[in-house]
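Below: one structure, written as structure tokens.
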Amino acid sequence: MNTIKENILALQARINKAKDTSARSGDDVLLLAVSKTKPVEAIIEAMGAGQRAFGENYVQEGTDKVQYFSEHFPQQDLEWHFIGPIQSNKTRPVAENFSWVHTVDRAKIAQRLNDQRPDNLPPLQVLIQVNTSGESSKSGISENEIAELARLISSLPNLTLRGLMSIPENVSDHHSQFAAFHQLATIQKRLQADYPSADTLSMGMTGDMEAAIEAGSTIVRIGTAIFGARDYRPGNSRPKEQ
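Residue 59 in full-length UniProt numbering sits at position 59 of the sequence shown, and the numbers go up by one each step.
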């Protein structure tokens, strides 16, 4: 079994190969390690491989981890992304603890995140989640709703509109994967023409990251290929006191 460090190195090689294949240059694809349900020991091991950006899906678990690493590893300057659905009654801990939110899909959430962002923190970096597949089981707004939500986010002083995020339909062939990602990339380019800060595309996971990078992804969200299968037993990922 590979170590977490070996997995990260292998993923970075995959990213670089995909960039080369797509004639993309520069360090413009962020590997976001999805650490949901994983214990802090696994995150510490990933840190040892140079990983600094982590994604969490659950508010309480993610907040616990952010606070733990802020207390015990303040010198590491980790970047925490919230990538799960947000209920309106859970916006405060997200606003107070995370640097990025990938899943803003309605005005109420954007307004609450803005109002609850502490004054001593920089603006929260925000992505609009788009439902490109039209599946009712998935969160996100439709393409024709993006403009109105983007206008609101860009008007809020404690938020910065950074781009779009999607979880496309789960298909296995590269052509279909690329087509879905290209659709979002086209929308993002139009959005960036109006909002220059909207330079980010969060799309691509373990099984489709090459197609996502080819289409223009700047953040790939990888969990199992780094940390292994997830353990959903209650309390498994809670920080342990040192």
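Glycine included, each C-beta is placed from N, C-alpha and C at the ideal position.
Asked	Found
To which residues of the same chain is N7 closer than 7 Å at the C-beta, ignoring the five residues directly before and after it?	A225, I226
Under 7 Å Cβ to Cβ from P85, same chain only, skipping five residues before and after it: list those, please.	T103, S139
For the alpha helix (DSSP H) that E56 lies in, which residues bound it at each end?	From DSSP, E56 is part of no alpha helix (DSSP H) but of the beta strand (DSSP E) over 53 to 56.
With a threshold of 16 other CB atoms inside 10 Å of the CB of M1, please say whether the residue is buried or exposed.	exposed
Let me check understanding here. Comparing Cα to Cα, which of S25, L152, T132, Q129 lies closest to N114?	L152
Between which residues of its own chain and H174 is the CB-CB distance below 6 Å, once the five residues before and five after are set aside?	A211
Would you mind listing the beta strand (DSSP E) stretches within the stretch 204 to 230 that are 3+ residues and don't spill past its ends, in chain order?	219 to 222
Using DSSP bridges, identify the partner residues of S202.	M165, I219
What does the alpha-carbon distance come out to for the pair N158 and A107?	14 Å
Should T160 and S202 be called a contact, given that it needs their Cβ atoms to be closer than 8 Å?	no
How about M209 and A18: are their beta carbons less than 8 Å apart?	yes
Going by CA-CA distance only, name the one from P74, L31, D199, E41 that's closest to I128.	D199
Please state if the CB of A185 and the CB of A215 are separated by a distance shorter than 8 Å.	yes
Look at A49 and I109 and say whether their C-beta atoms are less than 8 Å apart.	no
Please state if the CB of R117 and the CB of D77 are separated by a distance shorter than 8 Å.	no
Considering only residues of the same chain and omitting the five flanking positions on each side of V94, which have a CB-CB separation below 7 Å?	V59, F82, I86, V101, L113
Output needed for V171: all residues of its chain with C-beta closer than 7 Å, excluding positions within five of it in sequence on either side, in chain order.	Q177
What does DSSP give as the partner residues of T160 in its beta bridges?	Q125
Secondary structure at L152, three-state DSSP: helix, strand or coil?	helix
I'd like the ranges of any beta strand (DSSP E) spanning at least 3 consecutive residues and lying wholly in the stretch 29 to 98.	30 to 34, 53 to 56, 79 to 82
Short check: CB of K65 to CB of G223, under 8 Å?	no
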